[in-house]
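*Asks:* Sharing a structure, written as structure tokens. Questions coming.
In the working numbering, the protein residues as written are 9 to 192.
Right, here's the structure in full:
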């Protein structure tokens with residue numbers, strides 16, 4: 009039941025935002041009573057936290073897997089393709105998390121921030137640091153390169169639309185990698 013609640017709440021939050029969804033609506037969509045929902049989660053913040061941490065676990069696996077794929081650029085391309093291989097509604101959780109992380113209880117917010125840095129940002133920073141150290145990437149702060157990459161990707165973390173054009177992953181990567189690749 010917990011997984012069904014999380015899947016249903018994810019869909020509702022992605023469609024309408026955290027503030028646009030009440031616990032009663034989550035319970036109704038799951039076909040359970042509100043007390044049954046509270047048996048599994050202490051509140052809406054706990055539901056959002058479970059969604060965000062679960063997503064970070066999935067994304068952290070993609071990031072970790074990229075470490076096994078060759079040069080810095082090959083690793084970067086593998087990572088981005090791995091992120092785009094996630095269903096669009098799963099990628100939309102990243103935008104939901106960034107937009108609504110302030111809604112989490114303070115302890116959950118701090119735990120999410122730690123997990124986000126440790127399991128997502130730090131490995132990407134390390135990918136860029138290795139590329140800079142090897143001379144493959146331009147000599148720029150790896151944290152800056154990470155923020156630039158995420159800035160390029162962020163629009164693709166929007167909730168899915170049925171009329172959306174195919175995502176230009178390779179074009180995006182060609183432009184980004186062309187900018188970070190060192191030129192002699």
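A virtual CB, placed ideally from N, CA and C, is assigned to each residue, including glycine. Since this is a predicted model, take the numbers as computed values, not measurements.
Identify the residues that DSSP records as bridge partners of residue 145: which are they?
*Replies:* Against the chain shown, residue 145 aligns to sequence position 137. Per DSSP, 189.
*Asks:* Between which two residues does the alpha helix (DSSP H) containing residue 113 stretch?
*Replies:* For this step, residue 113 is matched to residue 105 along the chain shown. Taken as a continuous stretch (DSSP letters only), residue 113 belongs to no alpha helix (DSSP H), as it is neither H nor E.
*Asks:* Please classify residue 81 as buried or exposed, where buried requires at least 16 neighbouring CB atoms within 10 angstroms.
*Replies:* Within the chain shown, the letter at position 73 stands for residue 81. So residue 81 counts as buried.
*Asks:* Contact check, residue 59 vs residue 45 under 8 Å by CB: the rounded distance?
*Replies:* Along the chain shown, read from residue 1 onward, the residue named residue 59 stands at position 51. Along the chain shown, read from residue 1 onward, the residue named residue 45 stands at position 37. The Cβ separation is near 14 Å, so there is no contact.
*Asks:* How close, in whole Å, do the beta carbons of residue 99 and residue 164 come, if the pair is a contact with beta carbons under 8 Å?
*Replies:* To locate residue 99, count along the chain shown from 1; it is residue 91. To locate residue 164, count along the chain shown from 1; it is residue 156. With a Cβ gap of about 7 Å, residue 99 and residue 164 count as contacting.
*Asks:* Starting from the Cα of residue 84, find the closest Cα among 19, 137, 97 and 108 and give me that residue.
*Replies:* Position 76 of the chain shown, counted from the start, is the residue given in the question as residue 84. The option with the nearest alpha carbon to residue 84 is 137.
*Asks:* As a quick exercise: from 123, 178, 76 and 152, pick the residue whose alpha carbon is nearest that of residue 5.
*Replies:* No information on residue 5 is available, as it lies outside the stretch 9 to 192 that the chain covers here.
*Asks:* Which residue wins for smallest C-alpha separation from residue 113, given the options 66, 50 and 91?
*Replies:* Here residue 113 corresponds to residue number 105 of the chain shown, with the count starting at 1. Out of 66, 50 and 91, 50 has the C-alpha closest to the C-alpha of residue 113.
*Asks:* According to DSSP, is residue 28 part of a helix, a strand, or is it coil?
*Replies:* Indexing the chain shown from 1 puts residue 28 at position 20. Note: residue 28 maps to coil in three-state DSSP.
*Asks:* For residue 183, count the other beta carbons within 10 Å of its own beta carbon; 16 or more makes it buried, fewer makes it exposed. Which is it?
*Replies:* Reading the chain shown from its first residue, position 175 is the one you call residue 183. So residue 183 ends up on the exposed side.
*Asks:* So the alpha helix (DSSP H) residue 129 belongs to, where does it begin and stop?
*Replies:* Walking along the chain shown from the start, residue 129 turns up at place 121. Where residue 129 is concerned, there is no enclosing alpha helix (DSSP H), given that its DSSP letter is neither H nor E.
*Asks:* Could you say which of 31, 152, 159 and 143 lies nearest to residue 192 if we only look at CA atoms?
*Replies:* Here residue 192 corresponds to residue number 184 of the chain shown, with the count starting at 1. The shortest C-alpha separation from residue 192 is found at 143.
*Asks:* In the DSSP assignment, find the alpha helix (DSSP H) that holds residue 46 and state where it starts and stops.
*Replies:* Looking up residue 46 in the chain shown gives position 38. It spans 42-48 - the alpha helix (DSSP H) in which residue 46 sits, taken as one unbroken run.
*Asks:* What runs of the alpha helix (DSSP H), each 4 residues or longer, lie entirely inside the segment 29-108?
*Replies:* 31-38, 42-48, 52-74, 80-93 and 96-108
*Asks:* Quick test of your reading: residue 132 and residue 188, contact by CB under 8 Å. State the CB separation rounded to the nearest angstrom.
*Replies:* Counted from its first residue, the chain shown places residue 132 at position 124. Counted from its first residue, the chain shown places residue 188 at position 180. Residue 132 to residue 188, Cβ: 12 Å. No contact.
*Asks:* To which residues of the same chain is residue 18 closer than 6 Å at the C-beta, ignoring the five residues directly before and after it?
*Replies:* Counting from 1 along the chain shown, the entry for residue 18 is found at position 10. Taking C-beta separations shorter than 6 Å and ignoring five residues to either side along the sequence, the partners of residue 18 in its chain run 59, following chain order.
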